[in-house]
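To keep things clear, I will list the structure first and then write my remarks on it.
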Amino acid sequence: MSQKMIVNDDTILIDFRLVFKAIRQENGNWEKVEKELQEYFESLQNED
291 MSQKMIVNDD
301 TILIDFRLVF
311 KAIRQENGNW
321 EKVEKELQEY
331 FESLQNED
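Residue 291 is where the sequence shown starts when you use my numbering, and the numbers rise one by one after that.
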């Protein structure tokens, strides 16, 4: 079993293949993927 994502207090380490897969799923809209990842990161920060 391999880890695809590691979340620390101020960092998300993610398998680059997941990022590119997400971009392909959004038909190349990397800005949308970036925004979604940023929102996810911010939601983790708000849990503290």
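Glycine included, C-beta positions come from ideal geometry on N, C-alpha and C.
Keep in mind that this is a model prediction, so the values were computed, not measured.
Exposed unless 16 or more other CB atoms sit within 10 angstroms - verdict on residue i
i, result
"VAL323", "buried"
Delimiting residues of the alpha helix (DSSP H) encompassing residue i
i, result
"GLU329", "320 to 335"
"LYS311", "306 to 315"
Cβ neighbours of residue i in the same chain (closer than 6 Å, five flanking residues each side left out)
i, result
"MET295", "ILE304"
"ALA312", "VAL323"
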